[in-house]
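J.:
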Amino acid sequence: MILLISDLHLEEERPDITRAFLDLLATRARSAQALYILGDFFEAWIGDDAMTPFQRSICQALRELSDSGTAIFLMHGNRDFMLGQAFCKAAGCTLLEDPSVVQFNGESVLLMHGDSLCTRDVGYMKLRRWLRNPLTLFILRHLPLGSRQQLARKLRSESRTQTRMKANDIVDVTPEEIPRIMQQYGVKTLIHGHTHRPAIHKLQLGEQAARRIVLGDWDKQGWALQVDEQGFALAPFGFAPPPQLPAPDPIPSHTPSHK
């Protein structure tokens, strides 16, 4: 059994998502041959040298899963494209190229984060090319920590503002890109995240039946794609409520004594 997830956007301000992820690692993922995380694992990542205690705890949880025998594969998203080999080595996971072709049940499957499919968002595509340029990445990684933090906040703020202003079809994948990329890599199954629109789309590539599986983002609920002998099953799951703290001992009433 193989599990695929994406778009958790982990951050300290969302402990419900963190609890759900750690629960997944302790339960279903322990029985999995492999766990694939297809980008936007963290809400933001400004460098392996700037890990916070929260991010280190996530790294340690991944390492424990890896040590238990589950292979972990991680792909960059548009929020955490600066994740590097230092994090992956510490977490016991393998960094995947975007896109990558893997074998599931003897079938070649194309894995992507999905942002590169949104070609109608011309402004974003220009920004993406600039940010992923090796020279830009080198400069970003060598900026002072404070400058990187300030830049990350600015990019996140601008991204939210731009997304709200853009039409839905602009921030979704370009339909013509799907058959083009699938034919380029010679696959009949494409799996990606990014758009936050979970679904299994049936396609036709020439005379061949094909499918595009879109992973869901983790917000009000989690999403996971399970691949096993039965095929591909995409399903949501609810978040467990926070643990209840024990009720404090009642304060004994005090009745003054009269002498």
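For the sequence shown, this note's numbering begins at 1450 and goes up steadily by one.
Note that CB positions come from ideal geometry on N, CA and C, so glycine has one too.
All values reported here derive from a predicted model rather than from experimental measurement.
For my contact list, residue 1660 and residue 1638 are in at a C-beta cut-off of 8 Å; report their separation, rounded to the angstrom.
T.: 5 Å
J.: Assign residue 1597 to buried or exposed, taking buried as 16 or more other Cβ atoms, counted over all protein chains shown, within 10 Å of its Cβ.
T.: Buried.
J.: Skipping 5 residues on each side, what residues in its chain have a beta carbon closer than 8 Å to that of residue 1728?
T.: Missing from the structure shown is residue 1728; the chain here goes from 1450 to 1708 and no further.
J.: Provide the residue span of the beta strand (DSSP E) that contains residue 1657, from first to last.
T.: 1657 to 1663
J.: Between the segment 1673 to 1681 and the segment 1650 to 1659, are three or more C-beta pairs nearer than 8 Å?
T.: no
J.: What does DSSP give as the partner residues of residue 1524 in its beta bridges?
T.: BP columns for residue 1524 point to 1487, 1545.
J.: Residue 1571: buried (16+ other C-beta within 10 angstroms of its C-beta) or exposed?
T.: Exposed, by the Cβ-count rule.
J.: Rank 1512, 1667, 1553, 1539 by C-alpha distance to the C-alpha of residue 1676 and give the top, closest one.
T.: Checked all of 1512, 1667, 1553, 1539; the closest Cα to residue 1676 is 1553.
J.: Please list the segments of the alpha helix (DSSP H) lying wholly inside the segment 1542 to 1593, counting only runs of 4 or more residues, in order along the chain.
T.: 1571 to 1581, 1583 to 1590
J.: In three-state DSSP terms, what is residue 1708?
T.: Residue placement at residue 1708 cannot be trusted, given a pLDDT of 46 that sits under 50; the coordinates are not used to answer.
J.: Between the alpha carbons of residue 1574 and residue 1567, how many angstroms are there, rounded?
T.: Counting only the Cα atoms, residue 1567 lies some 8 Å from residue 1574.
J.: Measure the C-alpha to C-alpha separation of residue 1474 and residue 1582 and round it to an integer number of angstroms.
T.: So the two alpha carbons sit approximately 33 Å from each other.
J.: So for residue 1467, helix, strand or coil by DSSP?
T.: helix
J.: Tell me whether residue 1669 sits in a helix, a strand or coil according to DSSP, three-state version.
T.: Coil at residue 1669, not helix or strand.
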